[in-house]
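To start, the structure under review is shown below, and the notes come after it.
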Amino acid sequence: MRTTGSLIRHEAVVPLSAAGRRFDQALAEMFPDYSRSRLTAWIKAGAATLDGAPAAPRQLLKGGEQVRLEAELEAEVSSQPEAIALDIVHEDEHVLVLNKPVGLVVHPGAGNPAGTLLNALLHHDPKLAELPRGGIVHRLDKDTSGLMVVAKTLPAHTALVDMLSRHAVARQYEAIVLGALIAGGTVDAPIGRHHSDRLRQAVRDEDDGKHAVTHYRLRERFRVHSLIQCNLETGRTHQIRVHMAHIGHPLIGDPLYGGSLKLPKRATPELVLALRGFRRQALHAERLAFEHPVSGETMAFEAPRPDDMNALIGALRADLAANGQDE
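Structure representation (structure tokens):
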């Protein structure tokens, strides 16, 4: 393969084992760095040819044909670059891992047309505009901090999307929840859109929800709160927030699922101030691990707990020391 700017060129011979198969199916196997939908669009546009002639996606192959693919990687996103600081943990030719701060929206949308992570990424690397969603393959909520991986090339994007669909990306979170837990556990409950509130997700029955599994482990217990670790088997929207609220232990500060503020009896003034001032879900994506999409090397990253969660945990510890485990 040769890449000249945004132009990609491939030449290959259809293997004899592909005889009787459709052109689009064979092309997807021959060039797995690109998605099936992208390859089909290139076939229809005449950018992928058989023996020098245009072909239809469904054309059946004999095997031995000469395939030529010459296509322009056009911009996939129209958002504008913005000089927004990024906390980059790792970067190479194919992937970028960053620590997203609290308050940064990942994608532009209603109410957030600019000032997003996507705008920041396009400023950092303008060629990301050629990738679907600017290379972003998963997201964190606006007020969740922590690690995200971004693809920088089409091969990396295709591979990471596949890894995420196979749940082959390990994501570990830390959260502060209501309730003094005595042990961890697993929540296995389908999640789907709330029946009346479009901003919320909810636990639904199997016909209306998608399979969702969250494992949680107790790290530290306070009087009426707990610090927990969460590991995801699946990656549904708001999954940890919905699952913990579903079992009666919503995240502190969660505006959608947290319910009313609960203060321990005789709470120290510092804890009262900390709890009342914590106005976002206490959730941090602390660890991310995956196989590098090109080299196959195992990659693992950790992001330190943000200052606001550190301060809240400090206030919870001080309250426990002052009052004892008497709730």
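For the sequence shown, UniProt numbering begins at 1 and goes up steadily by one. Every residue, glycine too, gets a C-beta built ideally from N, C-alpha and C.
Alpha carbons only, please: which of the options is nearest the one belonging to residue i?
i: H94; options: A45, H157, Q59; result: H157
i: M244; options: N323, L275, A175, L316; result: A175
i: V89; options: L98, P81, A83, E82; result: L98
i: A191; options: D197, G184, D208, N119; result: Reading off the sequence, residue 191 comes out as Ile, not Ala. Per the Cα distances, D208.
i: D308; options: F23, P101, L218; result: P101
i: H225; options: V161, P264, L118; result: P264
i: K142; options: L283, I252, R221, D125; result: L283
i: A12; options: I247, M30, A18; result: M30
i: A120; options: L104, A183, L232; result: L104
i: G184; options: H249, L154, D162; result: H249
i: L96; options: I228, L117, G109, G46; result: L117
i: L61; options: A212, A26, R280, R287; result: A26
Which of the three DSSP states is assigned to residue i in this structure?
i: D307; result: helix
i: V161; result: helix
i: F301; result: strand
i: K100; result: strand
i: R117; result: Per the sequence shown, residue 117 should be read as Leu rather than Arg. Helix, per DSSP.
i: E233; result: coil
i: P54; result: strand
i: A202; result: strand
i: A71; result: strand
i: D254; result: coil
i: A318; result: helix
i: V89; result: strand
i: Q220; result: Rather than Gln, the amino acid found at residue 220 in this sequence is Glu. Residue state, collapsed to three classes: strand.
i: G134; result: helix
i: L122; result: helix
i: I313; result: helix
i: K127; result: helix
i: L261; result: coil
i: L227; result: strand
i: L154; result: helix
i: R48; result: Contrary to the premise, residue 48 reads as Ala rather than Arg in this sequence. Note: A48 maps to strand in three-state DSSP.
If you follow the beta strand (DSSP E) that residue i is in, where does it begin and where does it stop?
i: S145; result: 145-151
i: I176; result: 170-178
i: E286; result: 283-291
i: R22; result: Note, R22: premise wrong, no beta strand (DSSP E); not H, not E.
i: G277; result: Note, G277: premise wrong, no beta strand (DSSP E); alpha helix (DSSP H) at 269-277.
i: G192; result: 191-193
i: D188; result: 185-188
Can you name the start and end residues of the alpha helix (DSSP H) that residue i belongs to?
i: K44; result: 36-44
i: V14; result: Counting along the chain, V14 falls outside any alpha helix (DSSP H), and DSSP gives it neither H nor E.
i: V242; result: 239-246
Determine the direct distance from the alpha carbon of residue j to that of residue i, and round the result to whole angstroms.
i: D33; j: E91; result: 20 angstroms
i: G20; j: A56; result: 14 angstroms
i: L128; j: R223; result: 47 angstroms
i: G235; j: R200; result: 15 angstroms
i: A114; j: V150; result: 19 angstroms
i: R68; j: P54; result: 10 angstroms
i: A41; j: R58; result: 12 angstroms
i: H194; j: T237; result: 12 angstroms
i: H107; j: L122; result: 12 angstroms
i: I43; j: D24; result: 8 angstroms
i: R36; j: S196; result: 36 angstroms
i: T214; j: V187; result: 5 angstroms
i: H138; j: M148; result: 7 angstroms
i: D160; j: A170; result: Before going further, note that residue 160 is Leu rather than Asp in the sequence given. Going by the C-alpha atoms only, they are around 12 angstroms apart.
i: R221; j: R276; result: 20 angstroms
i: Q239; j: G135; result: 22 angstroms
i: S79; j: P126; result: 11 angstroms
i: L251; j: E72; result: 46 angstroms
i: G64; j: A48; result: 15 angstroms
i: F290; j: G296; result: 9 angstroms
i: R266; j: F278; result: 19 angstroms
i: S165; j: Q172; result: 17 angstroms
i: C230; j: L140; result: 15 angstroms
i: P293; j: P15; result: 25 angstroms
i: E70; j: L50; result: 12 angstroms
i: R133; j: H10; result: 24 angstroms
i: D254; j: D87; result: 24 angstroms
i: L39; j: A28; result: 7 angstroms
Does residue i get closer than 8 angstroms to chain B when you measure Cβ to Cβ?
i: T144; result: Chain labels in this structure do not include chain B; a single protein chain is all it has.
Is there at least one non-hydrogen atom of the ligand GDP closer than 7 angstroms to the beta-carbon of residue i?
i: H10; result: This structure simply doesn't include the ligand GDP, nor any ligand for that matter.
Original post:
So does the segment 161-178 actually touch the segment 246-266, counting three or more Cβ pairs closer than 8 angstroms?
Top reply: Yes: the two stretches touch, three or more of their Cβ pairs being nearer than 8 angstroms.
**OP:** Count the CB pairs spanning the segment 284-303 and the segment 198-216 that are closer than 8 angstroms, and state whether there are at least three.
**Re:** Flag = no, the segment 284-303 and the segment 198-216 do not touch.
Original post:
Do three or more CB pairs link the segment 271-284 to the segment 305-322 at distances below 8 angstroms?
Top reply: As far as the Cβ criterion goes, the segment 271-284 touches the segment 305-322, which means the pair count is three or higher.
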